[in-house]
Amino acid sequence: MTDKETVSVYASNAEDYADLPLSKDQIEGLDLFCAALPDGGHVLDLGCGPGIQAAELKQRGFTVEAIDPTPEFVMAAEKRGVSARIGTFDDLTEIDLYDGIWASFSLLHARKADFPRHIAACKRAIRPGGCLYLGLKLGTGEQRDSMGRFYAYYTKAELENILSENGFGRLQSVTGEGKGLAGTIDPYILMIAYA
C-alpha cells in the first residue's frame with residue numbers, strides 16, 4: 023500500500039485497530055489458510071496491520087514474518103511477538119520463500135492497475151505448492167470510504183482471471199458480508215489460491 027492518505031488514516035487510528043478482537047470471519051479465514059499449510063510452515067502477513075492475525079498464526083505454530091507501511095502497526099505487531107518490518111507491497115521481492123502469504127484485506131488498498139503486479143510478486147515469493155490467501159471487498163471500481171481510505175473492488179470472476187493469468191491453479195473461495203470500521207456493511211470474498 024503506497025496511498026499516503028490511507029496510511030495516514032491507519033496511523034491516526036492505530037490504537038483502535040490494535041484493540042480489535044479476531045472476528046468470526048477472520049477465524050474462519052485463518053482456519054482455511056492454516057489447513058492449506060504444512061505444519062510449522064513459513065508465512066508472510068502482507069499488510070499485517072497491528073499484527074493480530076500474524077500473532078494468531080504464530081500461536082498456531084507457523085514461522086511468521088509481517089510487513090506493513092504504517093510504522094504504528096509494525097510496532098504493535100512487534101509488541102505481539104511478531105517479526106515485522108515497515109514496507110509496501112512493492113517491497114515483496116523474495117523468491118520461493120514462503121509456504122503461504124496471508125493478505126487479509128490489505129491488497130484492496132492497491133490501485134487496480136497495480137494489483138496484477140502485486141499478485142505476480144506473491145506468486146514468485148510462494149514456494150511451489152504453497153498458497154495465497156486474499157480477503158477483498160466485492161464490487162467494481164475504486165473509491166475512498168468515509169474515513170478517507172482508498173479501496174479497489176473486484177468481482178469473483180475478475181479475481182479468478184488475474185490469479186489464473188499469474189500462475190495460480192486451484193482456487194477456494196467463500197463470500198459474505200461484514201461491517202467495517204467505516205460503519206458500512208460490505209460484501210467480501212475470502213479466497214485461497216494455490217501456487
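Under our numbering, the first residue of the sequence shown is numbered 23, with each subsequent residue one higher.
Positions of the beta carbon are idealized from the N, C-alpha and C atoms, including for glycine.
For clarity, every value in this text was computed on a predicted model and none was experimentally measured.
(request) Report the residue ranges of all alpha helix (DSSP H) runs contained in full by the segment 111-150; include only those spanning at least 4 residues, in chain order. (result) The segment 111-150 contains, as complete alpha helix (DSSP H) runs of 4+ residues, the segments 137-147 (chain order).
(message) Quick check on this structure: which residue in Ala143, Ala147, Lys159 and Leu54 has the alpha carbon closest to the alpha carbon of Tyr210?
(response) It is Lys159.
(request) List in chain order: all unbroken alpha helix (DSSP H) runs of 4+ residues lying wholly within the segment 43-76. (result) Qualifying alpha helix (DSSP H) stretches, in chain order: 46-57.
(request) Tell me whether Thr28 sits in a helix, a strand or coil according to DSSP, three-state version. (result) Reduced to three states, the DSSP call for Thr28 is helix.
(message) Just verifying my parser: in three-state terms, what is the DSSP assignment at Met213?
(response) Note: Met213 maps to strand in three-state DSSP.
(request) Spatial neighbours of Pro72 within its chain, please: CB distance less than 7 Å, with the 5 preceding and 5 following residues excluded, ordered by chain position. (result) If we look at Pro72 and ignore the five residues flanking it on each side, its Cβ neighbours are Ala36, Tyr39, Ala40, Phe95, Ala98 and Ala99.
(message) Rounded to whole angstroms, what is the Cα-Cα separation between Gly103 and Asp208?
(response) If I take the Cα positions, the gap works out to 32 Å.
(request) Quick one: grab the DSSP three-state call for Asp38. (result) The answer is helix: DSSP assigns Asp38 an H, G or I state.
(message) Could you compute how far the alpha carbon of Thr24 sits from the alpha carbon of Ala132?
(response) Distance between the alpha carbons of Thr24 and Ala132 is about 7 Å.
(request) Using only alpha-carbon positions, find the residue among Val29, Asp90 and Gly205 that is nearest to Ser168. (result) If we check each option's Cα against that of Ser168, Gly205 comes out closest.
(message) According to DSSP, is Val196 part of a helix, a strand, or is it coil?
(response) Under the three-state reduction of DSSP, Val196 is assigned to strand.
(request) Throw me the rounded Cβ distance for the Ile117 and Leu154 pair, which I believe falls under 8 Å. (result) Actually they do not touch by this definition, with Cβ atoms about 15 Å apart.
(message) Once the 5 residues before and after Glu164 are set aside, which same chain residues still bring their CB inside 8 Å of it?
(response) The answer, listed in chain order, is Arg133, Lys134, Phe172, Tyr173, Ala174 and Tyr175.
(request) Could you tell me the distance, in whole angstroms, from the CA atom of Arg192 to the CA atom of Lys101? (result) Taking C-alpha positions only, Arg192 is separated from Lys101 by approximately 36 Å.
(message) Quick check: what's the CA-CA separation for Asn144 versus Val31?
(response) For clarity, residue 144 is Cys in the given sequence; the question names Asn instead. Rounded to whole angstroms, Cys144 to Val31 spans 26 Å at the Cα level.
(request) Could you check the C-alpha separation between Leu185 and Thr115 for me, to the nearest Å? (result) Looking at the two C-alpha atoms, the distance is approximately 18 Å.
(request) Report back the beta-carbon spacing between Ile148 and Ala76 to the nearest angstrom; my notes put them in contact at under 8 Å. (result) Their Cβ separation, rounded to whole angstroms, is 17 Å, which puts Ile148 and Ala76 out of contact at 8 Å.
(request) Rank Lys26, Leu59 and Leu42 by C-alpha distance to the C-alpha of Val86 and give the top, closest one. (result) Minimum Cα distance to Val86 is reached at Leu59.
(request) For the beta strand (DSSP E) containing Phe172, list its first residue and its last residue. (result) Counting along the chain, the beta strand (DSSP E) containing Phe172 begins and ends at Phe172 to Ala174.
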